[in-house]
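Okay, so here's the structure we're looking at.
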Amino acid sequence: MGVNPPAGYSTDVIIAAFPWGAYLGAEALEQGIDAMVSSWNRAAPNTIPTAAKAGGNYLSSLLVGSEARRHGYQEGIALDVNGYISEGAGENLF
Numbered sequence: 003m004g005v006n007p008p009a010g011y012s013t014d015v016i017i018a019a020f021p022w023g024a025y026l027g028a029e030a031l032e033q034g035i036d037a038m039v040s041s042w043n044r045a046a047p048n049t050i051p052t053a054a055k056a057g058g059n060y061l062s063s064l065l066v067g068s069e070a071r072r073h074g075y076q077e078g079i080a081l082d083v084n085g086y087i088s089e090g091a092g093e094n095l096f
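When we follow my numbering, the leftmost residue of the sequence shown carries the number 3, and every step to the right adds one.
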């Protein structure tokens with residue numbers, strides 16, 4: 003594929019479906035979790051199409067979640083480049 007696909011290139015889609023329990027554990031549904039606002043921001047919409055759930059968009063989520071766990075929290079919250087709440091590392095907030 004590369005970054006300069008040949009003329010006539012078509013897009014293939016792969017969808018994987020499998021059972022998935024509570025993302026942050028069953029107890030989180032009852033007791034809640036501790037979360038922190040990350041020092042990492044969500045990528046600006048004009049840098050990568052952030053509306054697409056593409057593999058390359060998940061690096062910032064990995065960084066947000068890893069930072070939170072390193073500081074003793076279960077989840078991290080990313081702000082956008084304007085300082086507004088954007089999303090959790092693994093979930094939508096709105």
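For glycine and all other residues, C-beta sits at the position ideal for the given N, C-alpha and C.
Report task. Using DSSP bridges, identify the partner residues of A37. Result -> E77
Requested in this report: Have a look at G85, A45 and I35 and flag the residue whose alpha-carbon is nearest the alpha-carbon of G78.
Outcome: I35
Query raised in the report: In whole angstroms, what separates the C-alpha of L95 from that of D14?
Result: 30 Å
Query raised in the report: What are the start and end residues of the beta strand (DSSP E) that includes G23?
Result: Counting along the chain, G23 falls outside any beta strand (DSSP E), and DSSP gives it neither H nor E.
Query raised in the report: Residues bridged to I87 by DSSP?
Result: L81
Query raised in the report: From P8, E93, G67 and N84, pick the residue whose C-alpha is nearest to that of S40; which is it?
Result: G67
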